[in-house]
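Chemist:
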Amino acid sequence: MAEWTVGRVGTFDGRVGTFVGRVVVGVGCWGVESGARVHDWRIEDREYARQEERRGRRHAYERIDPARTALVVIDMVPFFVAESAYCQGIVPRISLLADALRGAGGTVAWVLPGSDGPPGVADEFYGPRIAELFRRSGGEGPLVDRIWPAFDVRSEDVLVEKTAASAFFPGRCPLPEELAARGIDTVLITGTVTNVCCESSARDASTLGYRVVMVADGNAARRDEDHNATLHTVYRSFGDVRPTAEILELIAGR
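In this text, residue positions in the sequence shown follow my numbering: the first is -9, and each later residue adds one.
1. In the DSSP assignment, find the unbroken beta strand (DSSP E) run with R213 in it and report its ends.
2. Using DSSP with H/G/I as helix, E/B as strand and the rest coil, what is E189?
3. Do the segment 121 to 138 and the segment 185 to 205 meet, that is, are 3 or more Cβ pairs less than 8 Å apart?
4. Report buried or exposed for P132, applying the criterion of at least 16 other Cβ atoms within 10 angstroms of its Cβ.
5. If we require 3 or more residues per run, which beta strand (DSSP E) segments fall completely within the segment 94 to 159?
6. For S145 and A99, what's the separation of their Cα atoms in angstroms?
7. Going by alpha carbons, who is nearest to A121 out of A88, I179, G110?
8. Please state the DSSP three-state secondary structure of L178.
9. Beta-carbon within less than 6 Å of V62's beta-carbon, same chain only, minus the 5 sequence neighbours each way: which residues are those?
10. Can the beta-carbon of V231 be found closer than 7 Å to that of L240?
11. Give every residue of the same chain whose Cβ lies closer than 6 Å to the Cβ of A50, excluding the five residues on either side of it in the sequence, and list them in chain order.
12. When you compare only the Cα positions, how much space is there between R92 and D194?
13. Give the secondary structure of I64 by DSSP, where H, G and I count as helix, E and B as strand, and everything else as coil.
14. Candidates P56, A75, R44, I80: which alpha carbon is nearest A206's?
15. Mapping DSSP to helix, strand and coil, what is A206?
16. Give the single residue among R226, I237, S190 whose Cα lies nearest to the Cα of G208.
17. How big is the Cα-Cα spacing for V71 and E167?
18. Just mark R40 as buried or exposed, buried being the case when its beta carbon has 16 or more other beta carbons within 10 Å.
19. Using CA atoms only, rank isn't needed, just tell me which of A88, R226, T182 is closest to F141.
20. Could you tell me the alpha carbon to alpha carbon distance between E37 and E130, rounded to whole angstroms?
21. Run through DSSP, which three-state label would V183 get?
22. How close, in whole Å, do the beta carbons of A75 and R32 come, if the pair is a contact with beta carbons under 8 Å?
23. How many angstroms separate the CA atom of R244 from the CA atom of I54?
24. Take A94 and list the residues in its own chain whose beta-carbon comes closer than 6 Å to its own, dropping the five residues that flank it on each side.
25. What are the partner residues of R201, as DSSP defines its beta bridges?
26. Is it buried or exposed for F115, if we count other Cβ within 10 angstroms and need 16 for buried?
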């Protein structure tokens, strides 16, 4: 398994939604800059107790079939990662999960922001300048070249664009069709932003009948409060919530 240290040279140009400068990638220890952080995540004890009383166990999904499982990585592109310590902090965890799942016969799916077409409701909601910024957040060129460069994207991986917050909203992303063709029934949700695109994807995946697992330390928001509010909602109503270490155990069949 490759190990990377990523350093950044340059600045993030918010006016056009692109990273200006170069990204330095070299062999070293897992991590992204010294300021990388991971959320202080938690599920309240009363929520654990509630689910244990209802179903007789803490976690909804005690086993997974790796061959029918997809790691879904949402919006991990320079627009979001370059200036977010929390995004940088989840890079090594996502990479560990990707390596483990591929090795067990599973699927890794990279989901990138796509343009939502001509101006419309987004311009009215965000204002034209910010709407345009988000429209261009996924970058240009081949999809594989738009992903944060510390990731090892393989030829067998799935790469798709979405034109809505959710990667599972019908007609706005080809991911459900790609996963159906591979017989996927379980999705591990990672990426950013926890309480926007990641939560939207988790909710819609649940609605479509997938077994949803939100990776507690594999998603990134702006604040712990935002992050934990989503974990609470998903665990209570839409899926399971587990940290990377526990998911690696599930992939290994332990």
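Idealized CB from N, CA, C, for every residue including glycine.
On a predicted model such as this, the values are computed, not experimentally measured, just so you know.
Modeler: From the atom records:
1. By 1-based counting over the sequence shown, the position of residue 213 is 223. Annotation for R213: no beta strand (DSSP E) segment contains it, and DSSP assigns it neither H nor E.
2. Residue mapping note: residue 189 aligns to position 199 of the sequence shown, counting from 1. Residue state, collapsed to three classes: helix.
3. no
4. Counting from one through the sequence shown, the residue named residue 132 turns up at place 142. Exposed.
5. 97 to 103, 148 to 152
6. Locating residue 145 in the sequence shown gives position 155, where the first residue counts as 1. Locating residue 99 in the sequence shown gives position 109, where the first residue counts as 1. Cα to Cα, the separation comes out at about 11 Å.
7. Against the sequence shown, residue 121 aligns to sequence position 131. Each of A88, I179, G110 was checked against the Cα of A121, and the nearest Cα belongs to G110.
8. The residue you call residue 178 lines up with position 188 of the sequence shown. Three-state DSSP puts L178 in a strand.
9. For the purposes of this step, residue 62 is identified with residue 72 of the sequence shown, where counting begins at 1. Taken in chain order, the residues that qualify are A99, V177, I179.
10. Numbered from its first residue, the sequence shown carries residue 231 at position 241. Numbered from its first residue, the sequence shown carries residue 240 at position 250. Result no, Cβ atoms of V231 and L240 do not sit closer than 7 Å.
11. Counting from one through the sequence shown, the residue named residue 50 turns up at place 60. Answer for A50: D230, listed in chain order.
12. As a working mapping, residue 92 is identified with position 102 in the sequence shown. As a working mapping, residue 194 is identified with position 204 in the sequence shown. Cα to Cα, R92 sits roughly 24 Å from D194.
13. As a working note, residue 64 is residue 74 in the sequence shown. Strand.
14. Counting from one through the sequence shown, the residue named residue 206 turns up at place 216. Nearest C-alpha to A206: I80.
15. For the purposes of this step, residue 206 is identified with residue 216 of the sequence shown, where counting begins at 1. DSSP places A206 in strand when its eight states are reduced to three.
16. For the purposes of this step, residue 208 is taken as the residue at position 218 of the sequence shown. That would be I237, whose Cα lies nearest to the Cα of G208.
17. Your numbering for residue 71 matches position 81 in the sequence shown. Your numbering for residue 167 matches position 177 in the sequence shown. Taking the straight line from one Cα to the other gives about 27 Å.
18. Position 50 of the sequence shown, counted from the start, is the residue given in the question as residue 40. Exposed, since its Cβ has fewer than 16 Cβ neighbours within 10 Å.
19. Taking the first residue of the sequence shown as 1, we reach residue 141 at position 151. F141 has its Cα closest to that of A88, out of A88, R226, T182.
20. Looking up residue 37 in the sequence shown gives position 47. Looking up residue 130 in the sequence shown gives position 140. Approximately 43 Å between the Cα atoms of the pair.
21. Taking the sequence shown and counting its residues from 1, the one referred to as residue 183 is at position 193. Reduced to three states, the DSSP call for V183 is coil.
22. Residue 75 sits at position 85 when you count from the first residue of the sequence shown. Residue 32 sits at position 42 when you count from the first residue of the sequence shown. That belief does not hold up - the Cβ atoms of A75 and R32 are roughly 19 Å apart, past 8 Å.
23. In the sequence shown, the residue the question calls residue 244 occupies position 254. In the sequence shown, the residue the question calls residue 54 occupies position 64. If I take the Cα positions, the gap works out to 10 Å.
24. Translated into the one-based positions of the sequence shown, residue 94 becomes position 104. If the five residues before and after A94 are omitted, its C-beta is found closer than 6 Å to the C-beta atoms of P56, I241, all from its own chain and listed in chain order.
25. Residue 201 sits at position 211 when you count from the first residue of the sequence shown. DSSP lists T176 as partners of R201.
26. Against the sequence shown, residue 115 aligns to sequence position 125. With fewer than 16 Cβ atoms within 10 Å of its Cβ, F115 is classed as exposed.
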